[in-house]
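Number of protein chains: 2
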Amino acid sequence: MMGLTRKGEYAVRGIIYLARQKKDQKALIAEMAVAIDAPQNFLAKIMQRFSQSGIVQSSRGVGGGFSLAKPSEEITLLDIVESVEGSILVNHCLLRSKTCKNDETCRAHRAWQKVQDQLRATLAGFTVASLAK
Amino acid sequence: MMGLTRKGEYAVRGIIYLARQKKDQKALIAEMAVAIDAPQNFLAKIMQRFSQSGIVQSSRGVGGGFSLAKPSEEITLLDIVESVEGSILVNHCLLRSKTCKNDETCRAHRAWQKVQDQLRATLAGFTVASLAK
DNA sequence: GACTTAAAAGATGCTTTTTATCCTGAATTG
DNA sequence: CAATTCAGGATAAAAAGCATCTTTTAAGTC
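Chains as they are written, first to last, in the working numbering: chain A, 92 to 224; chain B, 92 to 224.
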């Protein structure tokens with residue numbers, strides 16, 4: 092549990108690959124799949140998602156492909172992970188599922204919230220730029 | 092992804108329930124299942140696991156049941172989570188699966204390692220005693 | 001020793017998520 | 001319009017999650 096899924100791994104690798112491209116250079120999905128060792132169709136879905144969430148730009152036709160939609164300094168591990176895996180560490184109550192009001196009075200709830208906040212902060216601390224070097 | 096599974100939730104609730112028992116009081120699995128709103132058989136498996144990992148003591152027969160094997164101050168969220176869910180955030184390489192040596196020279200690898208270390212530290216910071224109040 | 005109670009251990013099955021693959025459609029270019 | 005490249009939807013196999021059931025073992029009771 093609590094690990095990146097394949098999808099998450101491919102996602103991070105894909106973004107780092109794009110970050111390593113030359114300025115204004117576009118990458119084809121087929122090329123990326125080989126480079127980062129990911130199934131092409133699956134990777135295509137992942138990039139599609141990034142395109143929707145505004146992390147990546149895509150264009151079709153000859154000369155098309157994928158590139159980052161913003162500087163790699165402005166993309167963090169958190170952006171990537173949450174984009175493909177959804178919200179992390181969803182906060183269920185650790186005491187009783189039925190009676191918890193999910194509010195400040197529930198200690199277990201607050202503990203888990205803190206875990207979540209810290210994890211998100213840690214992930215947000217790593218930029219793609221720093222990983223791509 | 093990255094959330095507690097049901098198993099993890101039941102586990103935390105179960106341990107907190109035991110922490111709230113009176114000194115030397117044992118809890119039956121059937122009683123626990125009702126109290127924390129978990130399926131009895133499934134909870135039994137989880138407690139079995141805790142018994143093996145030394146967090147919980149169990150005894151059979153009349154007057155038997157479960158109790159914590161050590162003070163609730165000495166059991167952390169990390170102990171619980173790793174006991175039932177296994178090692179968290181397993182560290183695959185984020186660049187290339189095949190060529191990574193998983194060593195110090197891999198930046199992405201080190202980043203993920205750091206995420207993992209921080210998460211473990213955060214979880215280790217919460218004792219069952221503090222949650223059981 | 002037989003009986004009851006309660007956890008341990010193993011086998012099994014259902015459901016959901018993950019991990020893809022494939023096909024058709026839409027946009028872009030030459 | 002023909003080739004290229006991504007978009008979107010449908011489908012399916014494999015794995016993980018979520019249990020349930022049965023049998024066995026251990027401990028206390030009569």
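Using N, Cα and C, we set each Cβ at its ideal position, and we do this for glycine too. Computed from a predicted model, the values in this text were never measured in an experiment.
Point to revise | Neighbour-count burial assignment, A/Thr213, 16 or more Cβ in a 10 Å radius | key: By the 10 Å Cβ count, A/Thr213 comes out buried.
Practice item. Kindly say whether B/Leu214, judged by its beta-carbon, lies nearer than 8 Å to any beta-carbon of chain A. Key: Taking CB atoms only, B/Leu214 has a neighbour in chain A less than 8 Å away.
Check your understanding: Taking all protein chains shown into account, do 16 or more other C-beta atoms lie within 10 angstroms of the C-beta of B/Thr167, making it buried, or fewer, making it exposed?
Key -> By the neighbour-count criterion, in which a residue is buried when 16 or more other Cβ atoms sit within 10 angstroms of its Cβ, B/Thr167 is buried.
Practice item. State buried or exposed for B/Glu100, treating a residue as buried only when at least 16 other CB atoms are found within 10 Å of its CB. Key: Classification for B/Glu100: buried.
Practice item. Ignoring anything shorter than 4 residues or poking outside the stretch 133-187 of chain A, list the alpha helix (DSSP H) runs there in chain order. Key: You should have 168-176.
Exercise for review: Would you check if there are 3 or more beta carbon pairs closer than 8 Å linking the stretch 143-155 of chain B to the stretch 168-181 of chain B?
Suggested key: Of all C-beta pairs linking the stretch 143-155 of chain B to the stretch 168-181 of chain B, three or more are shorter than 8 Å, placing the two stretches in contact.
Point to revise | Chain-ordered chain B contacts of A/Ala110 [CB-CB under 7 Å] | key: Here the premise fails: no neighbours, minimum Cβ distance about 11 Å.
Review point. Does B/Glu122 get closer than 8 Å to chain A when you measure Cβ to Cβ?
Key: Not closer than 8 Å to any Cβ of chain A, the Cβ of B/Glu122 fails to qualify, so no.
Check your understanding: CB-CB under 8 Å to B/Lys98, same chain, minus the five flanking residues each way: which ones, in chain order?
Key -> Residues of the same chain with a CB within less than 8 Å of the CB of B/Lys98, apart from the 5 flanking positions on each side, are Phe133, Ile137, Val175, Glu176 in chain order.
Check your understanding: Anyone know if the C-beta pair for A/Ala220 and A/Ala110 falls short of 8 Å?
Key -> In this structure, A/Ala110 lies closer than 8 Å to A/Ala220 by Cβ.
Review point. Of the choices A/Thr96, A/Leu95, A/Ala118, whose alpha-carbon is the least far from that of A/Ile106?
Key: Ranking A/Thr96, A/Leu95, A/Ala118 by Cα distance to A/Ile106 puts A/Ala118 first.
**Study point:** Short CB-CB distance (under 8 Å) between A/Leu119 and chain B
**Key:** Not one chain B Cβ lies under 8 Å of A/Leu119.
Practice item. Please determine, among B/Ser178, B/Gln139, B/Gly152, the residue with the shortest C-alpha to C-alpha distance to B/Ala160. Key: Here the closest residue by C-alpha is B/Gln139.
Practice item. Report the partner residues of A/Ala118 according to the DSSP bridge assignment. Key: A/Ala118 has A/Phe157 as its beta-bridge partners, per DSSP.
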